[in-house]
Amino acid sequence: MCAAAQAQPGLSMMCGAPLYYPPPPISTAHYSSMPPPAADVMDFDSPAPSTPSGSSSSDTTAPLSDTPPAFSTEAAWAAAARLMPQRLPFGTAARNKYQQGSPTAAACGGAALPPLIKLRSVSVSTPPAQDVMDAGSSAPSTPSDCSSTMETTPSPRGPLPTTFPSPYPAAAFAKPIPRPPRVEARQVWAHNFESEARLIESLLPKFRYAAMDTEFPGTVYRPAGAAYTLTPARRYELLKRNVDALDLIQLGLTLFDSGGRLPLLPGGGAAVWEFNFREFDVLHHRHAPESIAMLRASGVDFSRTRRYGVDAAAFGPRLRKWLRAGAGAGLGRAGLVTFSGGYDLAYLVKAVYGPGYRMPATAAEFEGVARSLIRRPLFDVKEMARLCPADLRGGLDSVAAKLDVSRAVGEAHQAGSDSLLTCHTFVKMRECYFDDDGKLAKVAGVLTDITAY
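FYI, the working numbering numbers position 426 of the sequence shown as 542, with every residue one higher than the one before it.
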């Protein structure tokens with residue numbers, strides 16, 4: 117206390133803090149857009165307030181002339197709860213200092229003091245850094261003994277990685293799994309026949325195999341008994357009468373190489389072809405009603421084929437050119453593949469020679485004509501299935517399903533789709549049961565309804 121206050125106690129309010137009042141409130145950090153005046157800080161080594169700005173610093177150690185009132189622990193705790201907006205860390209060393217030999221404790225009669233709240237003065241221009249939660253620990257980080265520098269508690273599991281590892285091995289993504297190309301059944305009509313024919317001719321040198329399928333108006337001449345009771349001669353007689361009386365509706369063509377790969381067009385997809393012919397008139401020509409209904413259900417539009425279909429007179433010479441081409445550019449020069457191909461081959465020969473062509477009288481004569489015209493191996497997948505040790509009896513879809521071969525485009529009884537399924541079935545059967553050229557040569561030239569055996 118200042119000297120004037122010691123001489124005249126009534127002047128104590130003018131020289132410093134009042135002697136008989138509780139300590140002033142503890143200042144806390146205050147943040148605002150406008151800086152408040154600097155706050156006085158409580159000296160932690162003495163319960164007395166710091167010297168006001170109007171007093172001399174030399175008087176701060178003067179002994180109190182009067183005895184302070186009795187200290188109340190409950191009142192101190194209540195005052196601290198009102199003044200403290202949040203819990204701050206404190207140390208046990210400070211608490212022991214106050215309870216063991218502190219001048220303030222002696223002045224208060226040795227009464228136990230509440231735990232000391234440790235504060236620090238913070239500049240309003242630079243707010244303290246926020247506490248950082250350690251990503252590897254559930255506890256928040258702890259300030260380093262009231263220092264402005266934050267110390268982060270290390271995680272027992274270590275820091276998190278900057279990038280999380282994938283549960284899948286990196287090798288699985290090194291190279292994408294190749295997908296089979298999208299297949300397009302290219303429709304051939306009179307208006308695009310020339311352009312599609314030139315495209316096919318450009319692909320023949322690279323693709324040595326060809327699979328084909330035909331769609332026609334059914335059979336109007338049928339056996340009186342079961343088909344399996346017919347002799348080879350009778351079977352061919354029925355084939356000849358039906359082919360002579362009816363016209364071709366569609367021809368499907370698939371080009372492929374020895375590995376079963378199809379031509380890839382500039383757009384990235386594979387291609388097969390479906391030729392639509394105009395000669396058949398569903399309103400005036402003979403046909404099997406159930407066959408026409410089946411073709412309609414498969415999407416064949418007979419009025420459109422009649423109006424916009426390819427003229428057989430234009431198709432025949434182009435097909436003959438493909439079959440008679442040199443050794444490096446002929447259609448199916450390594451093998452021409454069909455399924456139950458007696459009718460397919462008969463309609464193919466009729467297409468080459470024109471609608472007025474009449475089939476030879478006997479099967480032997482027809483085989484001679486076909487071999488002289490085609491001059492390449494002929495493979496009938498249905499006849500190949502007869503020689504396989506597994507049970508591969510049935511139609512095209514049934515045999516393909518037993519070999520786990522699926523249809524890649526279109527549906528059954530569409531010539532382009534059936535020709536592609538015939539191709540895939542042939543390739544799978546060859547891999548499984550005809551794994552050398554000797555075995556494959558034994559089935560070459562055997563055709564359903566034509567070959568006598």
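Glycine included, each C-beta is placed from N, C-alpha and C at the ideal position.
Inset, instruction - For my contact list, G458 and T564 are in at a C-beta cut-off of 8 Å; report their separation, rounded to the angstrom. - result: The pair is a contact, with the Cβ atoms about 5 Å apart (cut-off 8 Å).
Legend entry - Separation of D552 from L400, as counted between CA atoms: Looking at the sequence shown, residue 400 is not Leu but His. Looking at the backbone, the Cα of H400 and that of D552 are separated by about 50 Å.
Legend entry - Same chain, Cβ closer than 6 Å to T370, five either side skipped, listed in chain order: So the list reads A327, V388, S535, L536 and C539, once near-sequence residues are dropped.
Legend entry - Reduced DSSP secondary structure (H/G/I, E/B, other) of Y325: Residue state, collapsed to three classes: strand.
Legend entry - CA nearest to the CA of F391, picked from F372, S533, K555 and G442: Nearest option by C-alpha distance: S533.
Inset, instruction - Quick one: residues in its chain with C-beta nearer than 8 Å to the C-beta of D520, no 5 flanking neighbours on either side, listed in chain order? - result: Result list for D520: K544, in chain order.
Legend entry - Any C-beta of chain C under 8 Å from that of V359: In the structure shown, chain C does not exist; there is a single protein chain.
Legend entry - Contact under 8 Å by Cβ, W305 with V426: Yes.
Inset, instruction - Under 8 Å Cβ to Cβ from V468, same chain only, skipping five residues before and after it: list those, please. - result: Excluding positions up to five away in sequence, the list reads G432, L435, R436, L439 and L489.
Legend entry - Nearest residue (CA-CA) to N358, options R302, R474 and E310: Per the Cα distances, R474.
Legend entry - For V453, the first and last residue of its enclosing beta strand (DSSP E): Where V453 is concerned, the enclosing beta strand (DSSP E) stretches over G451 to T454.
Legend entry - Distance between T541 and E331 (C-alpha atoms, nearest Å): Cα-Cα distance, rounded: 19 Å.
Inset, instruction - Apply the 10 Å Cβ neighbour rule to P379 and answer buried if 16 or more other Cβ atoms are within range, or exposed otherwise. - result: Around the beta carbon of P379, a 10 Å sphere encloses 16 or more other beta carbons of the protein chains shown; the residue is thus reported as buried.
Inset, instruction - Kindly confirm or deny that the stretch 301-315 and the stretch 340-357 touch, where touching means at least three C-beta pairs closer than 8 Å. - result: No contact exists between the stretch 301-315 and the stretch 340-357.
Inset, instruction - From the DSSP output, read off the bridge partner residues of Q366. - result: The partner list for Q366 (beta bridge, DSSP) reads E331 and N392.
Inset, instruction - Give the range of the alpha helix (DSSP H) segment to which E312 is assigned. - result: Taken as a continuous stretch (DSSP letters only), the alpha helix (DSSP H) holding E312 covers F309 to L319.
Legend entry - Sub-8 Å separation of D513 and A524 beta-carbons: Not a contact, by the Cβ cut-off of 8 Å.
Inset, instruction - Figure out for me which residue from M410, A441 and E499 has the closest Cα to the Cα of T454. - result: Of the candidates M410, A441 and E499, the one whose C-alpha sits nearest the C-alpha of T454 is E499.
Legend entry - Unbroken alpha helix (DSSP H) run spanning V543, endpoints: Note, V543: alpha helix (DSSP H), A531 to Y549.
Legend entry - Euclidean distance between Cα positions of R402 and E481: If I take the Cα positions, the gap works out to 27 Å.
Legend entry - Residues near G554 in its chain [Cβ-Cβ closer than 7 Å; skip 5 each side]: Excluding sequence neighbours, G554 sits near nothing in its chain.
Legend entry - V336 in three-state terms, based on DSSP: Assigned with DSSP and collapsed to three states, V336 falls in coil, not helix or strand.
Inset, instruction - Check each candidate in G561, A479 and A413 and name the one with the smallest Cα separation from R351. - result: Checking every option, the nearest Cα to that of R351 belongs to A479.
Inset, instruction - State the Cα-Cα distance for the pair L452 and R492, rounded to the nearest angstrom. - result: Approximately 7 Å, taken between the alpha carbons.
Legend entry - Residues near R298 in its chain [Cβ-Cβ closer than 6 Å; skip 5 each side]: Cβ neighbours of R298 beyond the five flanking positions: G385.
Inset, instruction - Determine the DSSP secondary structure at G170, reduced to helix, strand or coil. - result: Because G170 carries a pLDDT of 44, less than 50, the predicted location of this residue cannot be relied on, and the following value inherits that uncertainty. Reduced to three states, the DSSP call for G170 is coil.
Legend entry - Local Cβ density within 10 Å of E483, reported as buried at 16 or more and exposed below that: E483 is buried by the Cβ-count criterion.
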